[in-house]
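Residue numbering for the sequence shown follows this note's numbering, starting at -19 and increasing by one per position.
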Amino acid sequence: MKNLQLLIALILGLTAYPALAKEKLTVLTAFHEEVVSRFETAFEQQNPDIDLQILWRMPHDAQPYLSQPQQGGVDVYWSAAQQNFNVLKQQGAWQKLGIDRSGLADRLGAMPLSDPEGTFCVSEMAGYGFAVNPAYLQKHGLPLPKTWLDLADARYQGHLALPVPSKVGFAPMMIDSVLRQYGWEQGWAVLAGIAANARLVESGATFITDIIGSGERGIGPAIDFFTASAIANGAPLQFVYPEPTAYSPAHVAITAASQHTEAARRFVSFVLSDSGQKILFHPDIRKLPARPGVYKDKPDGYFDPFAASAEHPVVYDPNGAIQRLALNNALFDRLFSDHLQRLQNLWLGLRKQEQHADAAKAARLLKLRQLLTAPPIAAAKAQEPELQKLFARRANDTQAEAEAKSLEQAWAKDIEQRYAEAEKLLLELER
């Protein structure tokens, strides 16, 4: 009897030991459950001694949460909120990753894939581009666009849906990428031409794909995985990555306060490993891996950003964009959102006149185009850190909001005068 009791005790002890021995690792993220659950399952299968605890916080909540004492008990932060990584780094929130980076690229064209100090790195990417309805394009005899400049062409007038960056979450960095690619003045000229062709959309990202999928419009700037999700749900869409493509990267970091550093490194290493990166190919996720080597096993037709950048090098570095986004949003609204119908009428008139231009009209047509495309502030002014910080602070600072509004009123007055001058000039040209 005593031997039987000892045997039972031994069996119970052995079965209880793995549960007692598991090390808890807390990961804070905003990624959807269908993404995280696949990584969680695969990681725990390879690391049965670690119990992964997922804590969901949206980006605006994550930053104060990670600023708590002991960083709220979080070990790993994994998110697409790039600003949080930069701001928290300045607060000393991260420790060096200390992982083996063999097989990982340091850059994708102009875009860094790792923090210079090694405290966080890119785990995956999403690409900006165009959701298109091929049947719509065929019906209207329109070519497939290849670049942002293509979308400013007169033949696309009335065929686009353009997200407003102050209203649609993914759009600010996308709009900034156009300004970076073409330069400040030319970038706003390209955006003006696109706005002249577009319905402005203020709803969420999925609404762009609804508009294009329904055939209401034929092309809409979007982000790849939103479009992929719509396609998976039956939308008659195609996604075009422009030449060159800009990307929104997600990052992963280990907190400075983590008491489970080795387990955290194992998790980060798994996310960046071949097996972890290939999870991103899953039809329910469809993100772009940050490890170049896994693309040899990509599904048919899957986009490879490293191959694309070899042909059309990436020129956009989102690291330099964060402070300027709020300023861009304000300029976009004052230039386009506040005057859309008026702007489109002026562009329609300009394009008609340009079709039948002669030498006598050339100088006035150039002047008219300049009136419709010039931003109200110069590139040097837009790069001033204090101006960028002012607009970045306005949402949470009443004094900054008052100063920003005052500047916007001055811009609005300048824009109103320019558009009025453009209308007068167009009337002269039409006589």
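Ideal Cβ positions, reconstructed from N, Cα and C, are used throughout, including at glycine. From a predicted model like this one, the values you see are computed outputs, not experimental measurements.
Asked	Found
Cα-Cα separation between E403 and P355, rounded to whole angstroms	17 angstroms
Three-state class that DSSP yields for V251 in the structure shown	helix
K172 versus G193: straight-line alpha-carbon distance, rounded	Going by the sequence as given, residue 172 is Ala instead of Lys. Answer to the nearest angstrom: the Cα atoms are 24 angstroms apart.
Status (buried if at least 16 other CB within 10 Å, exposed otherwise) for D41	exposed
Close Cβ partners of Y162 (< 7 angstroms) along its chain, the five nearest in sequence each way excluded	V170
Bridge-paired residues (DSSP) for E104	A230 and P269
Strand pairing of W36, partner residues [DSSP]	T9
Three-way DSSP call (helix, strand, coil) for G214 in this model	coil
Best match in T6, G329, L129 and G107 for proximity to A202 [C-alpha to C-alpha]	G107
Whole-angstrom distance between Q239 and P96, CA atom to CA atom	24 angstroms
Closest Cα partner of S289 within the set L32, F316 and T225	T225
Assumed close pair K267, M105 - CB separation to whole angstroms, cut-off 8 angstroms	7 angstroms
V112 versus F206 - alpha carbon distance	13 angstroms
Beta-carbon spacing of H262, G198 below 8 angstroms	no
A177 versus N325 - alpha carbon distance	The amino acid at residue 177 is misidentified as Ala; the sequence shows Asn. Using only the alpha carbons, I get a separation of about 10 angstroms.
Residue of E223, D264, T235 and I174 minimising C-alpha distance to N425	This structure cannot settle anything about residue 425, because the visible part of the chain is limited to -19 through 411.
Alpha helix (DSSP H) runs contained entirely in the stretch 314 to 357, provided each spans 4 or more residues	320 to 335 and 339 to 353
Nearest residue (CA-CA) to F247, options Q50, Y282, G300 and L77	L77
Residues of its chain near P(-2), where Cβ-Cβ distance is below 6 angstroms and the 5 sequence neighbours each way are ignored	Residue placement at P(-2) cannot be trusted, given a pLDDT of 49 that sits under 50; what the coordinates show is reported in the next sentence. Counting only Cβ-Cβ distances below 6 angstroms, and skipping sequence neighbours, we find nothing.
Backbone secondary structure at D190 - three-state DSSP	helix
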